[in-house]
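Here the structure comes first, spelled out in structure tokens, and everything after it is commentary.
Protein chains: 2
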Amino acid sequence: MSAESKSQQAYRFIRERIDDGRYVPGYRLVLGSIARELDVSVVPVREAIRRLEAENLVTFERNVGAQVALIQETEYLHTMQTLALVEGSATALSAPLLTPDHLSRARAINERMRRTLDDFEPHRFTELNLEFHSVLFEECPNPHILDLVHRGWNRMKLLRDSSFSFVPGRALESVGEHDRILDLIEAGAEPLDIELAARRHRTATLDAVLAYQSEHKSPATDVPDPESSEISA
Amino acid sequence: MSAESKSQQAYRFIRERIDDGRYVPGYRLVLGSIARELDVSVVPVREAIRRLEAENLVTFERNVGAQVALIQETEYLHTMQTLALVEGSATALSAPLLTPDHLSRARAINERMRRTLDDFEPHRFTELNLEFHSVLFEECPNPHILDLVHRGWNRMKLLRDSSFSFVPGRALESVGEHDRILDLIEAGAEPLDIELAARRHRTATLDAVLAYQSEHKSPATDVPDPESSEISA
DNA sequence: AGCCGACAGATCGTATATCATTTCAGATAT
DNA sequence: ATATCTGAAATGATATACGATCTGTCGGCT
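The listed protein sequences derive, respectively, from chains L and Z. When we follow the numbering used here, the leftmost residue of the first sequence carries the number 4, and every step to the right adds one. When we follow the numbering used here, the leftmost residue of the second sequence carries the number 4, and every step to the right adds one.
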């Protein structure tokens, strides 16, 4: 009894690989290859790719094929701007519903983040950052907004280049802002104040990233060669 | 030379019917029937439905089939809350980019809205309302946020019951708020003030709708009978 | 050498066919 | 009369097959 349809299976298969970076942006998704790898026909794979396309994780061009979405800088800006908006709102909506338990868990995660700064672990820092906000959003009463947050995060993950998500000088400030947001929530601040604080938290990170980028004079995003990231059979 | 793939054709076909109400919420989308009607096979139709599913316009259950999405009251609340958020942001982002031409066009539409109130034309009013905001969003620099606005509108359209989108006593206020928003933009107000004004504009409408609903004691949303809304061949 | 067109391989797009699951009507038993 | 069973019809899910389109390469021409 397969509890999961083959199209769902294909969806998870591809999605997993995009998330963990095995399929980098620009990697070409060939229907036939994926179908063979999963031992299914191309029809369910097409469906899976269509769904990923609707989620903006892959682009699909007629008679050409699909590839993991490439993020351009301007695209990145728009995504982060939207993310700031929905994260701010999600935080404000959740705030009045958070229990002391939530808050203490969030503080604990934040402490761990602080510790990852001593050892230099950008990847772990980023992970914990998502965990931190996930705790805050656990009680979010509006699933739509939560869904938008997740979409934003997924798009962010398409940037494997860590310089897009971690700026050394910025990390400490970020941890401090987390604490301040928790303070606001604990103090029962106005929802709008919480919303704007959370929003600024994201936009400040964005600004830091952009400053860091231009400072380090990174050349334009290059398209990775699909072949070079082929999965070894 | 068909510039449009059959799956896109099927998508537009269904989408059109959902938008204009021929397929009411709850209407069952039978793959085979739609395929025959379009004289294509079921494969492209499935793809089209998957895409609509990703847009939350239809629900698709394994081995059971697809139907036009049903909106529950709580769902409606979440949608409107999200819409208030993204419309507010879209308005604020657009504001500094609007030319006098945009503003005068918006005012003209708003005047027409005022006129529809004399004659009782709720449907026309709702149409013009979308037009009004569309003009404001023409220059929106963030396509993601604009996309979210459109998704919100589409979901709103699933509520064919006009009492969900038009409250007689509220309409006049709404027109007044439009003018006030335009005034703010024209005066070069702070983006945040514009954002909050636009947000309140939507939430106020929502509140009015809910008050109107409970006042008129509408029974719980009922699931329309798919058969009763069959298209006459 | 560089440009252009034809060919071949790869890949996508869709129709058709078959299998699986659900649904529902009608029969049967309690 | 109600509940349950059963089997056929409807519908969805997937595999396979074939045609269409694209892409890149090879050879000829200027």
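Quick reminder that beta carbons are idealized off the backbone N, C-alpha and C, glycines included.
Three-state class that DSSP yields for residue i in the structure shown
| i | result |
| --- | --- |
| residue 31 of chain Z | strand |
| residue 168 of chain L | coil |
| residue 136 of chain L | helix |
| residue 128 of chain L | helix |
| residue 219 of chain Z | coil |
| residue 22 of chain Z | helix |
| residue 141 of chain Z | coil |
| residue 13 of chain L | helix |
| residue 228 of chain Z | Legend: pLDDT at residue 228 of chain Z = 37, less than 50; position of this residue unreliable, no value from coordinates given. |
| residue 192 of chain Z | coil |
| residue 204 of chain Z | helix |
| residue 162 of chain Z | coil |
| residue 122 of chain Z | coil |
| residue 180 of chain L | helix |
| residue 43 of chain Z | coil |
| residue 36 of chain L | helix |
| residue 185 of chain L | helix |
| residue 7 of chain L | coil |
| residue 236 of chain Z | Summary for residue 236 of chain Z: the model assigns pLDDT 25, below 50, so the residue's position carries little reliability; its value from the coordinates is reported in the next sentence. Of the three classes helix, strand and coil, the one that applies to residue 236 of chain Z here is coil, per DSSP. |
Beta-carbon proximity check, residue i vs residue j, cutoff 9 Å
| i | j | result |
| --- | --- | --- |
| residue 174 of chain L | residue 116 of chain L | yes |
| residue 87 of chain L | residue 183 of chain L | no |
| residue 85 of chain L | residue 136 of chain L | no |
| residue 80 of chain L | residue 209 of chain L | yes |
| residue 158 of chain L | residue 74 of chain L | yes |
| residue 8 of chain L | residue 65 of chain Z | yes |
| residue 189 of chain Z | residue 207 of chain Z | no |
| residue 55 of chain Z | residue 61 of chain Z | yes |
| residue 90 of chain Z | residue 211 of chain Z | no |
| residue 138 of chain Z | residue 109 of chain Z | yes |
| residue 113 of chain L | residue 185 of chain L | yes |
| residue 58 of chain L | residue 192 of chain Z | no |
| residue 172 of chain L | residue 215 of chain L | yes |
| residue 43 of chain L | residue 11 of chain L | no |
| residue 142 of chain Z | residue 100 of chain Z | yes |
| residue 71 of chain L | residue 27 of chain L | yes |
| residue 178 of chain L | residue 120 of chain L | yes |
| residue 197 of chain Z | residue 98 of chain Z | yes |
| residue 195 of chain Z | residue 145 of chain Z | no |
| residue 51 of chain L | residue 16 of chain L | yes |
| residue 103 of chain Z | residue 168 of chain Z | no |
| residue 21 of chain L | residue 162 of chain L | no |
| residue 148 of chain L | residue 92 of chain L | yes |
> Going along the chain, which unbroken runs of the beta strand (DSSP E) with 3 or more residues stay wholly within the region 50-108 of chain Z?
Replying inline: At a cut-off of 3 residues, the continuous stretches assigned as beta strand (DSSP E) that sit fully inside the region 50-108 of chain Z are 61-64 and 68-71.
>> If the cut-off is 9 Å on Cβ atoms, which residues from the region 184-197 of chain L count as contacting chain Z, listed in chain order?
In response: Listed by position along the chain: 195.
> Taking any Cβ of chain L, which residues in the region 44-63 of chain Z have a Cβ under 7 Å from it, in chain order?
Replying inline: 46, 49, 50, 53, 54, 57 and 58: these are the residues of the region 44-63 of chain Z whose beta carbon lies less than 7 Å from some beta carbon of chain L, given in chain order.
>> Output needed in chain order: residues of the region 133-147 of chain L with a Cβ under 7 Å from some Cβ in chain Z.
In response: In summary, the residues of the region 133-147 of chain L whose CB is separated from some CB of chain Z by less than 7 Å are 145, 146 and 147, in the order they occur in the chain.
>> Tell me which residues of the region 81-95 of chain Z have at least one Cβ-Cβ distance to chain L shorter than 8 Å, keeping chain order.
In response: Listed in chain order, the positions of the region 81-95 of chain Z with a beta carbon within less than 8 Å of a beta carbon of chain L are 81, 82, 84, 85, 88, 89 and 92.
>> Which residues of the region 7-37 of chain Z have a Cβ closer than 7 Å to any Cβ of chain L? Give them in chain order.
In response: The region 7-37 of chain Z vs chain L, Cβ under 7 Å: 8.
>> At a CB distance below 8 Å, what residues from the region 104-123 of chain L approach chain Z? Give them in sequence order.
In response: Result list empty, no residue passes.
> Between the region 147-160 of chain L and chain Z, which residues of the former have CB atoms less than 8 Å from a CB of the latter, in chain order?
Replying inline: Within the region 147-160 of chain L, the qualifying residues are 147, 148 and 151.
> Which of the residues in the region 198-215 of chain Z, read from start to end, lie with their CB under 7 Å from any CB of chain L?
Replying inline: Of all residues in the region 198-215 of chain Z, none comes within less than 7 Å of chain L when Cβ atoms are compared.
> In chain order, what residues of the region 65-80 of chain Z put their CB closer than 7 Å to some CB of chain L?
Replying inline: Answer in chain order: 65.
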